[in-house]
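Peer 1:
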Amino acid sequence: MKPLKLFLFVAITTIIMAVSWAVGNAVGNILTSSAPPPPTNEAEAGTIFLAVCAFNSILIAILLGTTSLYSGLRRRLAIVFYVFTIQSLLPQMETFFFGSQMGIGYDQAAAILIAGFVVSFVTVWIAAGLYKKLMKPASFDTLRIPNLTKKEFLVWTALSILIGYPLIYFTFRIFCRLAK
Numbered sequence: 002m003k004p005l006k007l008f009l010f011v012a013i014t015t016i017i018m019a020v021s022w023a024v025g026n027a028v029g030n031i032l033t034s035s036a037p038p039p040p041t042n043e044a045e046a047g048t049i050f051l052a053v054c055a056f057n058s059i060l061i062a063i064l065l066g067t068t069s070l071y072s073g074l075r076r077r078l079a080i081v082f083y084v085f086t087i088q089s090l091l092p093q094m095e096t097f098f099f100g101s102q103m104g105i106g107y108d109q110a111a112a113i114l115i116a117g118f119v120v121s122f123v124t125v126w127i128a129a130g131l132y133k134k135l136m137k138p139a140s141f142d143t144l145r146i147p148n149l150t151k152k153e154f155l156v157w158t159a160l161s162i163l164i165g166y167p168l169i170y171f172t173f174r175i176f177c178r179l180a181k
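Quick note, this note's numbering runs 1 ahead of the 1-based positions in the sequence shown.
#1: What separation, rounded to the nearest whole angstrom, lies between the Cα atoms of W126 and L114?
#2: Between the C-alpha atoms of G117 and A36, what's the straight-line distance to the nearest angstrom?
#3: Does P40 come out as helix, strand or coil in the three-state DSSP assignment?
#4: What does the alpha-carbon distance come out to for the pair L131 and F10?
#5: In whole angstroms, give me the CA-to-CA distance for L7 and K152.
#6: What is the C-beta distance between C54 and T15, in whole angstroms, given that I count them as a contact (C-beta under 8 Å)?
#7: Which residue spans inside the region 89–148 form an unbroken alpha helix (DSSP H) run of at least 4?
#8: Tell me the rounded alpha-carbon separation between L32 and A112.
#9: Pairs of beta-carbons, one from the region 98–106 and one from the region 60–79, closer than 8 Å: are there three or more?
#10: Between the C-alpha atoms of I175 and I49, what's the straight-line distance to the nearest angstrom?
#11: Taking C-beta to C-beta, are S121 and Q88 nearer than 8 Å?
#12: I'd like the span of the alpha helix (DSSP H) that includes T158, first residue to last.
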C-alpha cells in the first residue's frame with residue numbers, strides 16, 4: 002500500500018466511524034430508551050474516541066488488505082460480522098453477566114450492541130468500497146497463505162481462543178488497573 006493512500010483511507014474511515022458511532026448510539030438509545038452518563042472531561046473523551054476510531058480504521062485496513070483476494074457480498078458481510086463480534090459482542094458478554102456490578106443495565110448493553118452493529122455495518126461497508134477504489138488488490142503471487150490441514154487449522158484456532166484471547170484480556174485488565 003502506498004503511504005499517502007493508506008493515510009487517506011484511514012482518515013476517511015475514521016471520520017465515517019465517528020459519524021456512524023454517533024448515529025448508532027442515537028439509534029441504540031432511542032430503541033432501548035436508555036442513555037449513558039455524560040463524560041466528565043469532554044475534550045479528553047473526544048480525543049480518546051478519535052484515537053480509537055483511527056486505530057480501528059487501521060485494523061479494518063489490514064483486515065480488508067488480507068482478504069482482498071475475496072470479493073462480493075459474502076466478503077463484506079463476513080467482515081461486518083467479524084468486526085461486530087470482536088468490537089461489540091464479545092466485550093458486552095460480561096455486561097450481561099456482571100452489568101449490575103458495573104452499573105450498566107441490560108438496556109444500556111442492548112443499546113451498545115445496536116450501536117456496535119450500526120457502526121460495524123456502515124463503516125465496513127463503506128470502507129470496503131473505498132478500499133477497492135484506493136488500493137490495488139493483492140495478487141496470488143504476492144500473498145503468502147500458509148497451507149494448513151483442517152486439523153492444524155482447528156488446533157491453531159483453539160489455541161488462539163483458549164490462550165490468546167484470555168492473555169490479551171487479562172493483560173489489558175492489568176494495564177487498566179495500573180492506570181487508575
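All residues carry an ideal CB built from backbone N, CA and C; glycine is no exception.
These numbers come from a predicted model, not from an experiment.
Peer 2: Per the coordinate set shown:
#1: Roughly 18 Å between the two C-alpha positions.
#2: Distance from the CA of G117 to the CA of A36, rounded to the nearest whole angstrom, comes to 15 Å.
#3: Coil, per DSSP.
#4: Cα-Cα distance, rounded: 7 Å.
#5: Roughly 36 Å separates the two Cα atoms.
#6: With a Cβ gap of about 5 Å, C54 and T15 count as contacting.
#7: DSSP runs (the alpha helix (DSSP H)) wholly in the region 89–148: 91–103 and 107–135.
#8: Cα to Cα, the separation comes out at about 7 Å.
#9: No: the two stretches stay apart, fewer than three of their Cβ pairs being nearer than 8 Å.
#10: The alpha-carbon of I175 is positioned some 19 Å away from that of I49.
#11: Contact: yes.
#12: For T158, the enclosing alpha helix (DSSP H) starts and ends at K151 to L160.
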